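Data first, discussion second: the structure below is written as structure tokens.
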Amino acid sequence: MKTQNLRLFKLPPNFRGKPAWFVQLWWLVDSTLFRLSPQLMYQWRNLILKLFGASIGQGVKIRPSVKITYPWKVSIGDFCWIGDDAIIYSLGNIKIGNNTVISQKSYICAASHDYTRPTFDIFQAKVEIGKQVWIATDVYIGPGVKIGDGTVVGARSSVFNNLPENSICIGSPAVKVKRRNAI
Numbered sequence: 009m010k011t012q013n014l015r016l017f018k019l020p021p022n023f024r025g026k027p028a029w030f031v032q033l034w035w036l037v038d039s040t041l042f043r044l045s046p047q048l049m050y051q052w053r054n055l056i057l058k059l060f061g062a063s064i065g066q067g068v069k070i071r072p073s074v075k076i077t078y079p080w081k082v083s084i085g086d087f088c089w090i091g092d093d094a095i096i097y098s099l100g101n102i103k104i105g106n107n108t109v110i111s112q113k114s115y116i117c118a119a120s121h122d123y124t125r126p127t128f129d130i131f132q133a134k135v136e137i138g139k140q141v142w143i144a145t146d147v148y149i150g151p152g153v154k155i156g157d158g159t160v161v162g163a164r165s166s167v168f169n170n171l172p173e174n175s176i177c178i179g180s181p182a183v184k185v186k187r188r189n190a191i
């Protein structure tokens, strides 16, 4: 019984959103000018991301070890922090609201494969993270997920479904355990 035949896999037209040469240029710039920049050069990294099509708000702090697959599919609001070794796997669009923290080693994934088809088709699914959200360390956020404003996702949680606003959510899969009170 064959469940998948990767020889039949085909990337959908314009899946990356830019020509191959542009993608390769980004990967070259990412591995040198972005990743090798000193820790405190936040504006420099923000400028590089903007030059490659990202929407970056004011006061954003992105660490040099952050990995962003396709910046042109990323929107980050004002005064956000993206921690060390976070992965923004932006095969699809990813939107992060104002005053949101994505802590170290978190993984935001905006695509997956259809495991029910032998062609193992790849698909994009937008991820939306609201404003004033805290994604704690080592959290996985899956394709198509929407996280409501003001929510906290606890360390090492896995988010496969939408999470409501102003909530504390933990676990794998992450579920609401209580309401987050406004300050």
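Each residue of the sequence shown is one higher than the one before, starting from 9 at the first, in the working numbering.
Beta carbons: idealized from backbone N, C-alpha and C, even for Gly.
In this text the structure is predicted, and so the values were computed from the model without any measurement.
Q: Take Ile56 and list the residues in its own chain whose beta-carbon comes closer than 7 Å to its own, dropping the five residues that flank it on each side.
A: Numbered from 1 along the sequence shown, position 48 holds the residue referred to as residue 56. Val37, Leu41 and Phe42.
Q: For the alpha helix (DSSP H) containing Arg187, list its first residue and its last residue.
A: In the sequence shown, counting from the first residue as 1, residue 187 sits at position 179. Element bounds for Arg187: not the alpha helix (DSSP H) but the beta strand (DSSP E), Ala182 to Arg187.
Q) Heavy atom of the ligand ZN less than 8 Å from the Cβ of Leu41, yes or no? A) This structure lacks the ligand ZN; in fact it carries no ligand of any kind.
(Q) With a threshold of 6 Å on Cβ separation, who are the neighbours of Ser114 within its own chain once the five nearest residues in sequence on each side are excluded? (A) In the sequence shown, residue 114 corresponds to position 106, counting from 1. Excluding sequence neighbours, Ser114 sits near Ala94, Ile143 and Val147.
Q: Report the rounded CA-to-CA distance for His121 versus Asp129, giving the unit in angstroms.
A: Along the sequence shown, read from residue 1 onward, the residue named residue 121 stands at position 113. Along the sequence shown, read from residue 1 onward, the residue named residue 129 stands at position 121. Whole-angstrom Cα-Cα distance: 5 Å.
Q. What distance in whole Å lies between the Cβ atoms of Phe17 and Thr127, which are believed to be in contact at a cut-off of 8 Å?
A. The residue labelled residue 127 in the question sits at position 119 within the sequence shown. The residue labelled residue 17 in the question sits at position 9 within the sequence shown. 6 Å between Cβ atoms; contact.
Q) Is it the case that the Cβ atoms of Ile116 and Ser98 are separated by a distance below 9 Å? A) In the sequence shown, residue 116 corresponds to position 108, counting from 1. In the sequence shown, residue 98 corresponds to position 90, counting from 1. Taking C-beta atoms as the reference points, Ile116 and Ser98 count as a pair closer than 9 Å.
Q.
To the nearest angstrom, how far is the alpha carbon of Asn189 from that of Ala163?
A. In the sequence shown, the residue the question calls residue 189 occupies position 181. In the sequence shown, the residue the question calls residue 163 occupies position 155. Straight across, the Cα-Cα distance linking Asn189 with Ala163 is about 19 Å.
Q.
For a cutoff of 9 Å on Cβ pairs, would you count Lys69 as touching chain D?
A. Of the protein chains in this structure there is only one, and it is not chain D.
Q: Count the other CB atoms, across all protein chains shown, that sit within 10 Å of the CB of Tyr50; report buried if there are 16 or more and exposed otherwise.
A: For the purposes of this step, residue 50 is taken as the residue at position 42 of the sequence shown. Classification of Tyr50: buried, given that the 10 Å Cβ count is 16 or more.
Q.
Within 10 Å of its beta-carbon, does Lys175 have 16 or more other beta-carbons around it, so buried, or fewer, so exposed?
A. Numbered from its first residue, the sequence shown carries residue 175 at position 167. Rather than Lys, the amino acid found at residue 175 in this sequence is Ser. A residue is called buried once 16 or more other Cβ atoms fall within 10 Å of its Cβ, and Ser175 is buried on that count.
Q: Determine the direct distance from the alpha carbon of Leu171 to that of Val183, and round the result to whole angstroms.
A: For this step, residue 183 is matched to residue 175 along the sequence shown. For this step, residue 171 is matched to residue 163 along the sequence shown. For Val183 and Leu171, the gap between their C-alpha atoms comes out near 7 Å.
Q | Residues of its chain near Ile90, where Cβ-Cβ distance is below 6 Å and the 5 sequence neighbours each way are ignored | A | Your numbering for residue 90 matches position 82 in the sequence shown. Correct list, in chain order: Ile70, Val74 and Ile110.
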